[in-house]
Amino acid sequence: MTSAKPLVLYSTLSRKKEVFKPRVEGKVGMYVCGVTVYDYCHIGHGRTFIAFDVIRRWLEARGNEVTFVRNVTDVDDKIIRRAAERGISTKDLTDEFTRAMQEDMESLGCLAPTYEPHATDFIGDMQSVIGKLFEKGYAYVGKDGDVDYAVRKFQGYGKLSGKSLDDLEPGARIGVDSGKRDPLDFVLWKRAKPGEPHWPSPWGEGRPGWHIECSAMSCHYLGENFDIHGGGPDLIFPHHENEIAQSEAANGKPFANYWMHSGPLRVRAADGTEQKMSKSLHNFWTIRDALKETDEKFGEGNGSQVLRFFLMRTQYRSPISFNTGLIEDAHKGLTRLYDALAGVPGDGKPLDWAEPHAAAFADAMNDDFNTPVAIAQLFELANDVNRTKDPALARQLKALGAILNILQGDPAKFLKGAAGAAMPEEEIRKLIEERAAAKKARNFARADEIRDTLASKGITLLDTPQGTTWRSA
Ligand SMILES: [Zn+2]
């Protein structure tokens, strides 16, 4: 049903919206650059991976079988440095932070990738790409023993980022200890230094450069030419530009057909200015910090739902400002949606794509995954549910939420929020029973007193035909 209309998406490569046509009808191969696992993920990672999770879910909702590959970079300068600082092996460090990253992604409601290759398991594949680059004259051994890529040999260099070699030249400098022939060249294979992880290769003991891992692993799972390559905005240059240069030079065919990049995430300071998130500015949020704070504020298990909703309600290419006021606003929005579902349970029938809100939701998602417009349909549905009490509309609301993986929790639990922390739930239940008995005995003074006591703890009582429930004020 959803695939009746074409899906249009913006490709960074063509700089325009294009009708998406997978190489094989009904099958999509998608590679998204993952995390360098030396520390906890920050909310910028959360933004990127939720963006691609929503993209993948919509491709699947349209009936595609999606092969989603997201790599784990487990060999890199930062990893080597951090492991040395902590006095542990790089393997122990990367195992620890791979697990932490997987937990964070699960907390944010992201589907696990179909494949999650670790760079160190694909050293052989990387060496064979480098071997092809030697054969075709794009790779050379520099005078320091590193293997480098000769950027000027590749005709299309700069086509993704829109940078020309002349733009790049003035800023590029050759480091004193580098063996590059040209400052624009980048490393494919680094010769071994004492104490660093290394593997044997035809060019001596060493380790791979960063860019080569994605060329090798995307090809391994998806082929030399595949559908979608994505990542965060800071990867366009040089990482993705270099991936294209390596893969297209080695294989002699176009690499990914569509390039998708999520927008930036900035932190809004108290004075309203937007800042890049950085540890030195003390505005750095790991996903864990953000989950802890939002769980405390909105109730255990609710923080992750609020964060996911917050990070997806902006279109994936638009910038997101992060601050606590905006998170509270997202919580209010999600509360309105859950409120509608709390009042009217769905009728359990399947989603009807012909229903006008669902059709408008699909149109928005088919227009470059326009989540704010799609989510506006959810608010309209919630208003209609509140007005009509129609279980068929409540079902539509919950089923459209399922496509974005929101609104799937128990509405009562979400609405109780953090109020349960002010008073144990058991005690609240007892007071509700006592109030019912007081009302029955026409002791309205006591009934009101109980209501006021609970209100002072941020707990609002709701009298419904099914009995009294409560929620966070
Ligand atoms: Zn990559």
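Residue numbering for the sequence shown follows my numbering, starting at 22 and increasing by one per position. Glycine included, C-beta positions come from ideal geometry on N, C-alpha and C.
Secondary structure of Pro229 (DSSP, three-state): strand. What you get when you keep residues with a C-beta closer than 5 Å to any heavy atom of ligand 1 is Cys54, Cys235. The beta-carbon distance between Cys131 and Ile308, rounded to whole angstroms, is 11 Å. This is too long to meet the 8 Å contact definition. In the displayed model, Gln148 falls within a helix according to three-state DSSP.
No Cβ-Cβ contact shorter than 8 Å links Gly216 with Asp167. In the DSSP assignment, Asp484 falls outside any alpha helix (DSSP H) and lies within the beta strand (DSSP E) extending over 480–485.
By the Cβ-count criterion, Glu264 is buried, with 16 or more other Cβ atoms from all chains shown falling within 10 Å of its own Cβ. Inclusion of Asp360 and Trp231 in the CB contact set at 8 Å is not warranted, their separation being larger than that value. Here Val45 is exposed. Its C-beta has fewer than 16 other C-beta atoms within 10 Å. Ala439 sits in coil when the DSSP states are folded into three classes, being neither helix nor strand.
Here DSSP, grouped into helix, strand and coil, assigns Leu132 to coil. Annotated as proximal: Phe319 and Ala439, with beta-carbon spacing under 8 Å. Sequence-distant Cβ neighbours of Lys370 in its own chain, meaning closer than 8 Å and more than five residues away, are Ala413, Arg416.
Beyond the five residues adjoining it in sequence on each side, Ala494 comes within less than 8 Å, by CB distance, of Ala440, Ala476, Gly479, Ile480, Thr481 in the same chain, given in chain order. With a beta-carbon spacing of about 15 Å, Arg173 and Leu209 fall beyond the 8 Å limit used to define contacts. The beta carbons of Leu154 and Ala271 sit closer together than 8 Å. Nearest to Trp79 by alpha-carbon distance, out of Lys99, Glu314, Thr392, Lys451, is Thr392.
DSSP, reduced to helix, strand and coil, places Ser493 within a strand of the structure shown. Pairing His303 with Val327 gives a Cβ-Cβ distance that is not under 8 Å.
Bridge partners of Ile249 according to DSSP: Met51, Tyr279.
Check the Cα spacing between Ala105 and each of Tyr59, Met126, Thr94, Glu137: the tightest is with Tyr59. Counting along the chain, no beta strand (DSSP E) covers Trp374, and no H or E run does either. Spanning the alpha carbons of Asp350 and Arg357 requires a straight line of approximately 11 Å. Take Ile427, set aside five residues on each side of it, and the residues of its chain with a beta-carbon closer than 6 Å to its own are Phe330, in chain order. At least 8 Å separates the beta-carbon of Val29 from that of Gly55.
Cβ neighbours of His378 within its own chain (closer than 7 Å, five residues either side excluded): Gln398, Glu401, Leu402, Gln417. Judged by DSSP secondary structure, Ser325 falls within the alpha helix (DSSP H) whose first and last residues are 324–333. In the DSSP assignment, Ile348 is bridged to no other residue. In the assembly as shown, Lys211 is a buried residue. Its beta-carbon has 16 or more other beta-carbons within 10 Å. In this structure, Glu234 lies near Met147, with their beta-carbon atoms less than 8 Å apart. If you draw a straight line from the Cα of Ser182 to the Cα of Asp188, it comes to about 11 Å. Per DSSP, Phe89 is one residue of the beta strand (DSSP E) stretching across 86–91. It is roughly 56 Å from the alpha-carbon of Glu470 to the alpha-carbon of Leu114. Around the beta-carbon of Phe73, 16 or more other beta-carbon atoms lie within 10 Å, marking it buried. For the 8 Å CB-CB criterion, His260 and Trp280 do not form a contact.
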